[in-house]
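Going left to right, the sequence shown walks through residues 3 to 314 as the working numbering numbers them.
Below is one structure, written out as structure tokens; comments come after it.
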Amino acid sequence: MADKPSIVIIGAGAIGSFYGAILKRAGCAVSVVLRSEYDAVQDAGFVIDSPLGNLSYRPDRIYRDGETPDQAPDYVICCVKVLPGIDRARLLSPWVGEGTRIVLIENGIDIEPEIARAFPEQALISCLAFIAVSRTAPGKIEHKAFGQLTMGAWPQGVSDDCRTLEALFVEGGIHIKLAEQVVGERWRKSLWNTPFNPLSVLAGGADTVTLLDSPGGERLAREMMAEVVAVAAADGHALPEDAIDKNIAGTRKMPAYRNSMALDYLAGRPMEIEAILGNVVALAERHGVDVPRLRTMHVALTMRDVQAAKDS
Numbered sequence: 003m004a005d006k007p008s009i010v011i012i013g014a015g016a017i018g019s020f021y022g023a024i025l026k027r028a029g030c031a032v033s034v035v036l037r038s039e040y041d042a043v044q045d046a047g048f049v050i051d052s053p054l055g056n057l058s059y060r061p062d063r064i065y066r067d068g069e070t071p072d073q074a075p076d077y078v079i080c081c082v083k084v085l086p087g088i089d090r091a092r093l094l095s096p097w098v099g100e101g102t103r104i105v106l107i108e109n110g111i112d113i114e115p116e117i118a119r120a121f122p123e124q125a126l127i128s129c130l131a132f133i134a135v136s137r138t139a140p141g142k143i144e145h146k147a148f149g150q151l152t153m154g155a156w157p158q159g160v161s162d163d164c165r166t167l168e169a170l171f172v173e174g175g176i177h178i179k180l181a182e183q184v185v186g187e188r189w190r191k192s193l194w195n196t197p198f199n200p201l202s203v204l205a206g207g208a209d210t211v212t213l214l215d216s217p218g219g220e221r222l223a224r225e226m227m228a229e230v231v232a233v234a235a236a237d238g239h240a241l242p243e244d245a246i247d248k249n250i251a252g253t254r255k256m257p258a259y260r261n262s263m264a265l266d267y268l269a270g271r272p273m274e275i276e277a278i279l280g281n282v283v284a285l286a287e288r289h290g291v292d293v294p295r296l297r298t299m300h301v302a303l304t305m306r307d308v309q310a311a312k313d314s
């Protein structure tokens, strides 16, 4: 293990604990920072049910949020949700040393600049996770399928740090796609996430079959996706002409599926509205692109949050 980099994971929920397990299986020293579930993980580690085999593990160190590390790691991986109330730079700060590389495994568009401004001297790696994984109890994770990461240096390129991390993930048993233009890859994922996640919430947590088969549902989804395409192009990341058709066809091939925002909504958890939708609307305004459907959706979800705060 001496020749493998040290890893600290901030936000070791379903996503973070899974990728921590992969790196642990590759022989890395993996420590975690927890805001909750500290006692459960301290007692039993992470218990992970996965088609990849036994991924259960005990982290090398378990820290509570706010604790001071013994030494800075080689890589710090941030897997927290991108929410207005979460200061990611503050969470990262104690774990960033002179040579620490920062890795973001998070959803959304335009989520990197905040971290790049806070840590201008650090290498920043941006990742998108394609995975079906969920937390079933404190410290207990169910991995159902997939696990691929798309990874690239931010704002562009594939660095040696990316290749080192890629080799570790591959050794641990998952597939990695290295991307010279990781921002463009984020737009590809946004083409689906930005319409379908908010729609599922406004439809009461509806699954994909309900969204597409309801009268006017597929048409609305396509119109919202076309707005995403227009913003992506204005931002310098044109998407393929058949991207919308392929996304709709792929969604129809899936069984009825509730996306992450729908699950958060049904569980009463905070939702990544700004990272997934609000940032796209903000970029549209910056580039002078009219996005009436996305803007309406964003305002409606904002109203919902304001009312929920009044009711609580």
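Beta carbons are placed, not taken as given, at the ideal position from N, Cα and C, and that holds for glycine.
Beta-bridge partners of residue i, as assigned by DSSP
i      : result
Lys142 : Val49 and Ala139
Lys179 : Thr152
Tyr21  : BP columns for Tyr21 are empty, so no partner.
Ala131 : Leu151
Arg103 : Tyr77
Leu126 : Ile104
Tyr59  : Phe48
Residue j beta carbon less than 9 angstroms from that of residue i
i      : j      : result
Ile79  : Gly175 : no
Gly149 : Leu54  : yes
Thr166 : Cys129 : no
Leu94  : Asp67  : no
Ile11  : Val34  : yes
Ala284 : Asp89  : no
Ile107 : Ala74  : no
Arg306 : Val172 : no
Thr102 : Gln124 : yes
Gly154 : Ala181 : yes
Ala236 : Gly110 : no
Nearest-angstrom Cβ-Cβ length linking residue i and residue j, presumed shorter than 8 angstroms
i      : j      : result
Met226 : Pro197 : 4 angstroms
Asn261 : Asn199 : 5 angstroms
Asp244 : Glu144 : Contact doesn't hold; Cβ gap of about 34 angstroms is too wide.
Ala251 : Ala208 : Incorrect: roughly 19 angstroms between the Cβ atoms, too far for contact.
Span of the alpha helix (DSSP H), counted from its first residue to its last, around residue i
i      : result
Val34  : Looking at the DSSP string, Val34 is not in any alpha helix (DSSP H); the run it does join, the beta strand (DSSP E), is Ala31 to Leu36.
Leu250 : In the sequence as displayed, the identity of residue 250 is Ile instead of Leu. Taken as a continuous stretch (DSSP letters only), the alpha helix (DSSP H) holding Ile250 covers Ala245 to Lys255.
Ile117 : Pro115 to Ala120
Val98  : First-last for Val98: undefined, no H or E at that position.
Ser8   : Segment Ser8 to Ile12 is the beta strand (DSSP E) holding Ser8; no alpha helix (DSSP H) there.
Leu296 : Pro294 to Asp313
Ala228 : Gly219 to Ala236
Ser262 : Ser262 to Ala269
Cβ neighbour criterion (16 or more within 10 Å) applied to residue i
i      : result
Leu303 : buried
Met273 : buried
Val301 : exposed
Asp313 : exposed
Ala46  : exposed
Lys146 : exposed
Gly206 : exposed
Val308 : exposed
Arg188 : buried
Glu39  : buried
Ser216 : exposed
Arg254 : exposed
Met3   : Note that Met3 has pLDDT 43, beneath the 50 cutoff, so the model's placement of it is unreliable and the number below is only indicative. Answer is exposed; the Cβ neighbour count stays below 16.
Range of the contiguous beta strand (DSSP E) that encloses residue i
i      : result
Cys80  : Tyr77 to Cys80
Arg63  : Arg63 to Arg66
Ser202 : Per DSSP, Ser202 belongs to no beta strand (DSSP E); it is in the alpha helix (DSSP H), Val184 to Leu204.
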